[in-house]
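Residue numbers (the working numbering), protein chains in the order written: chain V, 586 to 884; chain B, 668 to 1171.
Just so you know, even glycine gets a beta-carbon here, dropped at the ideal spot from N, CA and C.
Step one of this worksheet: look at the structure below.
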Amino acid sequence: MIAPFLSQVLRISVPYLFAALGGTFSERGGTINIALEGILLTSAFAAAVTTYFTHDPWLGLAAAVLAGLLTALLHAVICVTFRADQIVSGIAINLLAAGLTKFLLKEIFGSSSNSPRVEGLPEWHLAGVGGIPVLGDILRSPLLLLAAIGVPVGHFLLYRTPFGLRLRACGEHPEAADALGVSVTRIRYTGILISGAVTALGGAWLALDQHSFTDGMSGGRGYIALAAMIVGKWSPLGAAGGCLLFGAAETLQIRLQGGAVPTQFIQMIPYLLTMVVLAGFIGRAAAPRMSGVPYRKEE
Amino acid sequence: MSSPAVELLDIHKSFSRVKANDGVNLAVARGEIHALVGENGAGKSTLMKILYGLYAPDRGEIRIDGKPARFRGPADALRAGLGMVHQHFMLVRPFTVVENMLLGREGVPPVLPMDRVAASREIRDLSGRYALDVEPGAVVEDLPVGVQQRAEILRVLLHGASILIFDEPTAVLTPQEATDFFRVLGGLRDQGKTILLITHKLDEVMQVADRVTVMRAGRVVGERAVRDTSPAELARLMVGRDVALGRVEGEAPAGAPVLEVRSLGVRDSRRIARVNSVSFQVRAGEIVGIAGVEGNGQTELVEAIAGLREVEAGTIHMDGRDVTGSRVAQRQRSGLVHVPEDRQRRGLVLEMSLAENLLLGRQRESEFSGRVLLRAEPILRMARRLSEEFDVRPRDVSLKTRDFSGGNQQKIVVARELGRAPRLIVASQPTRGVDIGAIEFIHARLREARDQGVAVLLVSADLREVMSLSDRILVMYGGRVVGEVPGRDAREDRLGTLMLGGAA
Ligand SMILES: Nc1ncnc2c1ncn2[C@@H]1O[C@H](COP(=O)(O)OP(=O)(O)OP(=O)(O)O)[C@@H](O)[C@H]1O
Ligand SMILES: [Mg+2]
């Protein structure tokens, strides 16, 4: 009973984990990234289309990352180079991603709801560990494994390396970073692009796990990932904790469906939890001080 | 003769509407402490930012040790051996001292782990050598300002700087911290470092500098060896006239109490008790000064009186009415004005224009606001009048306050507050960062207000300021008022003892 539950929590959390990790890298550098939602969508679409035509899910994964990078690049150009409002840019990108994928879905597959079935990534069957709960699940799926490695690696990168130090400095006090010869522009671009590439892995998971792209399949996960990131106080490990919490709530919701409680209420569980956690438990979380503020180098 | 460590030749720099540097020449010899003084907006900070590669000059040349240098950014300047300690600190506050030191260090692989242990050792070595005591593992925002500054100096030294630029380093220091700082400066010079020091305090120039350059309106108007000059001559060069900062007694005896504080208790944002059963009165027509080392409860006391911080115990009365729980706007309607100690945090909205900032707090007055819309003409007229009167430069009411020099930002806050016919003035560090001409003016305005029967509460880290203005001086220590001295016969040493918790 508990093992299948945990296994399901993990699988549901994968897109959250990638998107929240991605979001952390963008925001730590000082750029709010609600475009996560759009990145999930474009990368899922790229994964499905590429896999459909090449029959190679690995190429699909690569295409997803490319799409994620391009979408993030758009956000970076708007926010960093043109110093436009980061929320507005994010919303615009999300609307654009929704419209563009809908349009291309129709153009390429002639459907307004979903793509044909595509192959998924292979499952690895390792002798000996396959039966172990949680660990077995992780070692079976390439993307789950990547998520499990990515979180601690991201944490290490952010808190133990010169790059992480510079990234966080650009989110806290860009003038200081600049005065020490750190290029705020370059570091912020890097953070946003990492955000795009990592989030795209979550998008690829969505499409390849379901073996198709369905219209609007990101379904608000980018926003939930942002909430998880805030709950986790902008640290990769904390954000992962938040993702698993929301993943658990969603799993519970799925399992409770069909019971005595009306489904509409049950479907609200993850969102209610998000709000309760954001408002209550965490208190005033310590956001990077200059997140959301474009950096204007004085000239 | 060897070439100077730093040479600036015919430097020009204009911002959209202002010529900040207009053909500046400056030479600084190696191993010299060179002071740079001048009025607010004279272009001192701009010149130093050009030297440090933060601004590109429109024209002109920089030479380091006789060799022409082109800095495309601070990174280039760092490599050439320059380091700058800024007017507003450039430390990342949630980072530890070590992390701040490691930031911007070049030639390390970006994604391999940093060696914090080695860095901490390096910091300890260096802090031993220059007597700059800093704990490497401490988080910056938990450190007192003086220690933060030491961390900044250390970082500059750690990057191998041999030419150090300081922009108003003592503006935020307590007198004790300033004394320590000057000792450090002397030590740096003795080790062969070249030092450029911007300051408004002429006695500091006389005390530590070897040479001094005076700037005015973007140009150099004089250069002297410190032993050949006097504060009076420097003041004359700066402002173009004689400046007097002496004591002037009030004209009339004080009247009825305007502000009355009874057994006040206040906690800071971390819930630590900062003010403990403080009681005093400020009467109409008197200036009461509060002296004390910063951090002894003055900030919280002032915030409580201004209505910005909750009162834990006791009461505050204005003109006999209890205002302990009143909102800021109510207190302001009863005639309270407040010059906050941190102009950038509490005093200004940096992204708004000069005119808008001068309007803040008065936007509902019928003079400036119709039923729905603000009235542009009266607002502009008021802004022009106030910036004229308080000599805010440049005289451009549509310029964002961010683009004014530090001292002019201060004048804007003072102009707004003193410009509204108050009954009670609560002024915290009212002349921080302003030039001596402006200090003289602000002091005159405070005295004038007193002579017209306004009650003035003055809090200042500058003991001289407290002594030259106050009719009575209260000394705060450890959140309590530990002594009261009539301003007329206050002596620096006696106040100093009280400020450190000793008996008078
Ligand atoms: N980024 C900017 N944009 C527009 N104007 C500016 C900018 N920086 C400085 N100025 C203007 O250039 C002039 C010189 O400013 P600067 O900061 O160099 O003066 P300062 O001598 O350091 O004065 P203070 O003693 O008040 O610090 C001022 O008139 C200021 O308003
Ligand atoms: Mg300045």
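Give the single residue among B/G885, B/A876 and B/L1162 whose Cα lies nearest to the Cα of B/T896.
Taking B/T896 as reference, the option from B/G885, B/A876 and B/L1162 with the minimal CA-CA separation is B/A876.
Taking CB distances under 8 Å as the criterion, tell me whether B/G827 reaches chain V.
It does not; no Cβ of chain V falls within 8 Å.
Any chain V beta carbon closer than 8 Å to B/L779
So yes, B/L779 belongs to the interface.
Got a sec, what are the start and stop residues for the alpha helix (DSSP H) B/F848 sits in?
Per DSSP, B/F848 belongs to the alpha helix (DSSP H) from P842 to D857.
Quick check on B/F756: does DSSP put it in helix, strand or coil?
Residue state, collapsed to three classes: coil.
Three-way DSSP call (helix, strand, coil) for B/F1057 in this model
The answer is coil: DSSP assigns B/F1057 none of H, G, I, E or B.
In whole angstroms, what is the alpha-carbon distance linking V/E884 and B/P1097?
Here the model assigns V/E884 a pLDDT of 45, short of 50, so the residue's position is not dependable, and the following value carries that caveat. Straight across, the Cα-Cα distance linking V/E884 with B/P1097 is about 30 Å.
Continuous beta strand (DSSP E) stretch holding B/Q948: start and end:
Per DSSP, B/Q948 belongs to the beta strand (DSSP E) from A940 to R950.
In three-state DSSP terms, what is B/D989?
B/D989: strand per DSSP, three-state reduction.
Are three or more beta carbon pairs between the stretch 739-752 of chain B and the stretch 784-803 of chain B nearer than 8 Å?
Cβ pair count under 8 Å is below three, so no.
Does B/M715 come out as helix, strand or coil in the three-state DSSP assignment?
B/M715 falls in the helix class under three-state DSSP.
Nearest to V/H885 (by Cα), restricted to the options V/V862, V/I723, V/N699 and V/L621:
Lying outside 586 to 884, the shown extent of chain V, residue 885 of chain V is not represented and no answer is given.
Taking Cβ to Cβ, would you say V/P642 is nearer than 8 Å to V/W790?
The answer is no: Cβ separation not under 8 Å.
Is V/G645 near ligand 1, in the sense that its beta carbon is under 7 Å from a heavy atom of that ligand?
Annotation for V/G645 indicates a beta carbon at 7 Å or more from all heavy atoms of ligand 1.
Test: B/L1124 CB closer than 8 Å to a CB of chain V
Answer no: the Cβ-Cβ gap between B/L1124 and chain V never drops below 8 Å.
Going along the chain, which residues of the stretch 735-748 of chain B sit with their C-beta nearer than 9 Å to a C-beta in chain V?
Hits within the stretch, in order: G740, P741, A742, D743, A744, L745 and R746.
Could you tell me the distance, in whole angstroms, from the CA atom of V/L690 to the CA atom of B/A744?
Straight-line Cα distance between these residues: approximately 54 Å.
Give me whichever residues DSSP pairs with B/H984 in a beta bridge.
B/E927 and B/D989.
Give me the chain D residues within the contact set of V/D670, using Cβ-Cβ distance strictly less than 9 Å, ordered along the chain.
In the structure shown, chain D cannot be found, because the protein chains are V and B.
Residues of the stretch 702-729 of chain B with a CB closer than 9 Å to any CB of chain V: list them in chain order, please.
Within the stretch 702-729 of chain B, the residues whose Cβ lies closer than 9 Å to some Cβ of chain V are K716, Y719, G720, L721, Y722 and A723, listed in chain order.
Environment of B/R1000 [buried if 16+ CB atoms lie within 10 Å]:
Counting Cβ neighbours within 10 Å, B/R1000 comes out exposed, since fewer than 16 surround it.
According to DSSP, is B/N767 helix, strand or coil?
In the three-state reduction of the DSSP assignment, B/N767 falls in the helix class, which pools H, G and I.
Scan the stretch 751-775 of chain B for residues whose Cβ lies nearer than 9 Å to a Cβ of chain V and list them as they occur along the chain.
Flagged, chain order: M751, H753, H755, F756, M757, L758, V759, R760, P761, F762, E766, N767, L769, L770, G771, R772, E773 and V775.
What alpha helix (DSSP H) runs, 4 residues minimum, are completely inside the stretch 645-724 of chain V?
Considered as a whole, the stretch 645-724 of chain V harbours 671-694 as its complete alpha helix (DSSP H) runs of no fewer than 4 residues, in chain order.
Counting pairs of beta carbons, one from the stretch 702-709 of chain B and one from the stretch 877-896 of chain B, are three or more of them closer than 8 Å?
The stretch 702-709 of chain B is in contact with the stretch 877-896 of chain B.
Is the CB-CB distance between B/G771 and V/L765 below 8 Å?
In this structure, B/G771 places its C-beta atom within 8 Å of the C-beta atom of V/L765.
Would a C-beta distance cut-off of 8 Å place B/H1005 and B/A971 closer than the cut-off?
Taking a C-beta distance under 8 Å as the contact criterion, B/H1005 and B/A971 do not qualify as a contact pair.
Anticipated Cβ contact below 8 Å, B/I957 with B/L1141, distance rounded
Cβ-Cβ separation between B/I957 and B/L1141: approximately 5 Å, consistent with a contact (criterion under 8 Å).
I need the straight-line Cα distance from B/R1051 to B/L1017, nearest angstrom please.
When rounded, the distance between both Cα atoms is 18 Å.
Does V/A813 pass the burial test, meaning 16 or more other C-beta atoms within 10 Å, or should it be called exposed?
Buried, because 16 or more other Cβ atoms sit within 10 Å of the Cβ of V/A813.
Counting pairs of beta carbons, one from the stretch 1060-1071 of chain B and one from the stretch 680-697 of chain B, are three or more of them closer than 8 Å?
Yes, since at least three Cβ pairs between the stretch 1060-1071 of chain B and the stretch 680-697 of chain B fall closer than 8 Å, the two stretches touch.
So, with DSSP's three-state summary, where would you put B/F833?
Strand at B/F833.
With respect to 7 Å, is the separation between the Cβ of B/T713 and the closest non-hydrogen atom of ligand 1 below this value?
Yes - ligand 1 has a heavy atom lying nearer than 7 Å to the Cβ of B/T713.
Let me confirm a value: B/L631 is counted as buried when at least 16 other C-beta atoms fall within 10 Å, else exposed. Which label applies?
No answer is possible for residue 631 of chain B: it lies beyond the span of chain B, which begins at 668 and ends at 1171.
Just to confirm my understanding: we take V/H740, look at its own chain, exclude 5 residues before and 5 after, and list those with CB closer than 6 Å. What are they?
Within the same chain, V/H740 has close Cβ partners P821 and L822.
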